[in-house]
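Enquirer: In our numbering, the protein residues as written are 127 to 174. Don't be surprised by glycine CBs; every beta carbon is placed ideally from N, CA and C. Since this is a predicted model, take the numbers as computed values, not measurements.
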Amino acid sequence: MTLSTKADASVPLGDVTEDQVETVADWADKYGLSIVRIRHEQNWCCWA
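(1) Following the continuous beta strand (DSSP E) through Val249, name the residue where it begins and the one where it ends.
(2) If I follow the unbroken alpha helix (DSSP H) through Thr149, where does it start and stop?
(3) With C-beta atoms as the reference, is Ala154 less than 8 angstroms away from Ile164?
(4) Have a look at Val147, Cys171, Asp141 and Val142 and flag the residue whose alpha-carbon is nearest the alpha-carbon of Gly158.
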């Protein structure tokens, strides 16, 4: 699964909130292998 951190124009690229990071971590624990990596394109990769 790949999640983009690119938001609309009101938020600078790559800025995510603490709640968003916690949500991604919860998804990785529940649906994946508890591994999340942020790639150089600022996309998050989770393995399932």
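Expert: Reading off the structure:
(1) Absent from the model: residue 249. The displayed extent of the chain is 127 to 174, so no value can be given.
(2) Glu144 to Tyr157
(3) Between Ala154 and Ile164, the CB-CB gap reaches or exceeds 8 angstroms.
(4) Cys171
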